[in-house]
Amino acid sequence: DGGITQSPKYLFRKEGQNVTLSCEQNLNHDAMYWYRQDPGQGLRLIYYSQIVNDFQKGDIAEGYSVSREKKESFPLTVTSAQKNPTAFYLCASSTTGTGGRGYTFGSGTRLTVV
Amino acid sequence: AQTVTQSQPEMSVQEAETVTLSCTYDTSENNYYLFWYKQPPSRQMILVIRQEAYKQQNATENRFSVNFQKAAKSFSLKISDSQLGDTAMYFCAFMGDDKIIFGKGTRLHILP
Chain A
1 DGGITQSPKY LFRKEGQNVT LSCEQNLNHD AMYWYRQDPG QGLRLIYYSQ
51 IVNDFQKGDI AEGYSVSREK KESFPLTVTS AQKNPTAFYL CASSTTGTGG
101 RGYTFGSGTR LTVV
Chain B
115 AQTVTQSQPE MSVQEAETVT LSCTYDTSEN NYYLFWYKQP PSRQMILVIR
165 QEAYKQQNAT ENRFSVNFQK AAKSFSLKIS DSQLGDTAMY FCAFMGDDKI
215 IFGKGTRLHI LP
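Sequence lines, in order, name chains A and B.
Position 23 of the first sequence, counted from 1, bears residue number 23 in this note's numbering, the numbering being contiguous throughout.
Each number in this note's numbering corresponds to the 1-based position in the second sequence with 114 added.
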């Protein structure tokens, strides 16, 4: 079955460490997205990519980095510059140019700073 | 910039009742898409219903329907015959060109 897979489900980071969250899709979707979810804040866009080797900053990109070397993969690195990284992170994908069918979401990664 | 506002942070209704969740948005675009997503306690995001702005007819999916008022920039979700499994966080969302903007959500509790 086609879908989008995020790993790990839970991740613990020590202060000062970089960590990478994985997002893989086999839906042949062109576009991929990373959102951060905090209580009472909804989903806020971190980065998105509509094509391989290209990506754009979202509303809260500071302290994060991404790469898009393959169509299927869009990993997110939370760097030590992100001062408050504890949150729930959601990856999503979609087709482009097909009239707003919405996203397919992964099941999320819960990141906790210890 | 587009914004999405959900004015009800939390709601509770009895099972089998009808409930309406409110959403307003702001945009200068004429062609766009609106969505309602459901996030149950599992935290998996599920698309509930989708509306294309150029269609006047309100979208319906089984017990879920919307009231889309383009001039007022309003997009409310009605859940009929509510069930315990409808308990979740509901997000209203707007898509213009290339990305979706989400509201802050309404936490809905269906009471037995």
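Backbone N, C-alpha and C fix where the C-beta goes; we use that ideal spot for every residue, glycine too.
The model shown is predicted, which means the values in this text are computed figures rather than measured ones.
Problem set entry | Cβ-based contacts, 8 Å cut-off: residues of the stretch 167 to 184 of chain B near chain A | none
Exercise. Taking 8 Å as the CB-CB limit, is F88(A) close to chain B?
Worked result: As a position in the first sequence, residue 88(A) is number 88, starting the count at 1. Yes, because at least one Cβ of chain B sits closer than 8 Å to the Cβ of F88(A).
Exercise. Of all the beta strand (DSSP E) runs that stay within the bounds of the stretch 128 to 154 of chain B, which reach a length of 3 or more residues?
Worked result: 133 to 135, 138 to 140, 147 to 153
Exercise. Does the Cβ-Cβ distance between I51(A) and D30(A) come in under 8 Å?
Worked result: Your numbering for residue 51(A) matches position 51 in the first sequence. Your numbering for residue 30(A) matches position 30 in the first sequence. Yes.
Problem set entry | DSSP-derived helix/strand/coil call for G2(A) | What you label residue 2(A) is simply residue 2 of the first sequence in a count that begins at 1. Of the three classes helix, strand and coil, the one that applies to G2(A) here is coil, per DSSP.
Exercise. Apart from the five residues just before and just after R221(B), which ones in its own chain have a Cβ nearer than 6 Å to its Cβ?
Worked result: Indexing the second sequence from 1 puts residue 221(B) at position 107. Counting only Cβ-Cβ distances below 6 Å, and skipping sequence neighbours, we find E124, M203.
Problem set entry | Cross-strand partners of L76(A) (DSSP beta bridge) | If you number the first sequence from 1, residue 76(A) lands on position 76. DSSP lists L21(A), V66(A) as partners of L76(A).
Exercise. Comparing the C-beta of L43(A) with each C-beta of chain B, is any distance below 8 Å?
Worked result: As a position in the first sequence, residue 43(A) is number 43, starting the count at 1. Residue contact with chain B for L43(A): present (Cβ-Cβ distance below 8 Å to some residue of chain B).
Exercise. How would you list, in chain order, the residues of chain A whose beta-carbon sits under 7 Å from the beta-carbon of M159(B)?
Worked result: Locating residue 159(B) in the second sequence gives position 45, counting from the first residue. Simply L90, F105.
For this session: Could you check the C-alpha separation between D200(B) and L135(B) for me, to the nearest Å?
Result: The residue you call residue 200(B) lines up with position 86 of the second sequence. The residue you call residue 135(B) lines up with position 21 of the second sequence. Going from the Cα of D200(B) to the Cα of L135(B) covers about 13 Å.
For this session: Could you tell me whether any Cβ in chain B is nearer than 8 Å to the Cβ of Q50(A)?
Result: Here residue 50(A) refers to the residue found at position 50 of the first sequence. Chain B, which has a Cβ nearer than 8 Å to the Cβ of Q50(A), makes this yes.
Problem set entry | In DSSP terms, what L198(B) is bridged to | One-based indexing of the second sequence puts residue 198(B) at position 84. Its beta-bridge partners do not exist; DSSP assigns none.
Problem set entry | I152(B) at chain A interface by Cβ criterion, 8 Å | Against the second sequence, residue 152(B) aligns to sequence position 38. Looking at the sequence provided, one finds Lys at residue 152(B) rather than Ile. Chain A contact via Cβ: absent.
For this session: Identify the contact partners of G40(A) in chain B, using a Cβ-Cβ distance below 7 Å as the criterion.
Result: The residue labelled residue 40(A) in the question sits at position 40 within the first sequence. Those within 7 Å of G40(A) in chain B are K218.
For this session: Would you check if the distance between the CB atom of Q120(B) and the CB atom of G217(B) is smaller than 8 Å?
Result: In the second sequence, residue 120(B) corresponds to position 6, counting from 1. In the second sequence, residue 217(B) corresponds to position 103, counting from 1. Cβ atoms of Q120(B) and G217(B): closer than 8 Å.
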